[in-house]
Amino acid sequence: MDLEEFKFGPYKIDPKGVFYHTDLSYAMVNLRPVRPVLCVPVHVREVKRFVDLTTDETSDLWITAKKVGSRLEYHHKASSLAFTIQAKEAIL
1 MDLEEFKFGP
11 YKIDPKGVFY
21 HTDLSYAMVN
31 LRPVRPVLCV
41 PVHVREVKRF
51 VDLTTDETSD
61 LWITAKKVGS
71 RLEYHHKASS
81 LAFTIQAKEA
91 IL
């Protein structure tokens with residue numbers, strides 16, 4: 001994946017904020033986190049709703065969340081993780 005292609009809705013994401021990526025998903029730092037440690041796993045292809053993702057995209061997104069989440073949990077000595085699916089309109 002070309003590092004200049006990272007987008008989140010209408011926003012271009014600085015590649016320096018992306019710390020993990022596959023061909024179908026990436027994880028970025030949230031600049032305005034609700035919680036002290038918050039990253040955002042994102043699917044690459046833009047779709048209106050989560051249910052519009054293909055099976056491969058859905059699997060890759062959750063595998064990305066699991067990999068990134070387990071590393072954050074270990075690093076911060078946390079005892080749990082929370083994942084939320086949020087509509088794009090609520091984020092932007």
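Its first residue numbered 1, the sequence shown is counted upward by one per residue in the UniProt record's numbering.
Cβ coordinates follow ideal geometry from the N, Cα and C atoms, glycine included.
It should be emphasised that the depicted structure is a prediction, and the values quoted were computed from it without experimental measurement.
Original post:
Is Val-51 near Val-40, with beta carbons less than 9 Å apart?
Top reply: No; because the gap between Cβ atoms is not below 9 Å, this pair is not in contact.
**OP:** Starting from the Cα of Glu-57, find the closest Cα among Ser-70, Arg-71, Val-42 and give me that residue.
**Re:** Answer by Cα proximity: Val-42.
Subject >> Helix, strand or coil at Pro-10 [DSSP, three-state] >> reply: Reduced to three states, the DSSP call for Pro-10 is coil.
**OP:** Could you check how far apart the C-beta atoms of Tyr-11 and Val-68 are, in whole angstroms? I think they sit under 8 Å.
**Re:** In fact, because the Cβ distance is near 20 Å, the residues do not count as touching under 8 Å.
Subject >> Where residue 93 sits in the DSSP three-state scheme >> reply: Not covered by the structure: residue 93. The range shown for the chain is 1 to 92.
Original post:
Who are the Cβ neighbours of Glu-46 in its own chain at under 8 Å, not counting the five residues just before and after it?
Top reply: Here the set comprises Lys-7, Gly-9.
Subject >> Span of the beta strand (DSSP E), counted from its first residue to its last, around Val-68 >> reply: The continuous stretches of beta strand (DSSP E) do not include Val-68, which lies in the alpha helix (DSSP H) extending over residues 55-75.
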